[in-house]
Every structure is written in C-alpha cells, then in structure tokens.
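Okay, so here's the structure we're looking at.
Numbering (the numbering used here), first residue to last: 84 to 136.
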C-alpha cells in the first residue's frame, strides 16, 4: 500500500511522498510495512487506539 501511495504521488502530482512522522495503531504488521518503505520516518502510536485498550 505504501509503495502504491508513493507511486501515485510521483506520477499524478509529481511530488515525492516522504513523511517525517506518522500516527499508526498498534498493529506490528502496519509498523513493519511502513518502516520498510520509509526507514527514516518516526512512527507514533495513535492516541485514540491507545485510549481504547
């Protein structure tokens, strides 16, 4: 999914998608997938999901 978003940004609006920070829920797979595409970005936990647990 992240690779596809990067592709769309590059080909549709001619801009690179390089987020410095993102808020994700606690799914380990989501964290790993994001880190594979954006290894230098910071992942922060989502406060909403944190309050739900």
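Every residue gets a Cβ at the ideal spot worked out from N, C-alpha and C, and that includes glycine.
- Residues of the same chain with a CB within less than 7 Å of the CB of residue 93, apart from the 5 flanking positions on each side, are 99 in chain order.
- Looking from the CA of residue 88, the closest CA among 127, 124, 120, 128 belongs to 120.
- Residue 106 is bridged by DSSP to 127.
- Judged by DSSP secondary structure, residue 98 falls outside any alpha helix (DSSP H); it is assigned neither H nor E.
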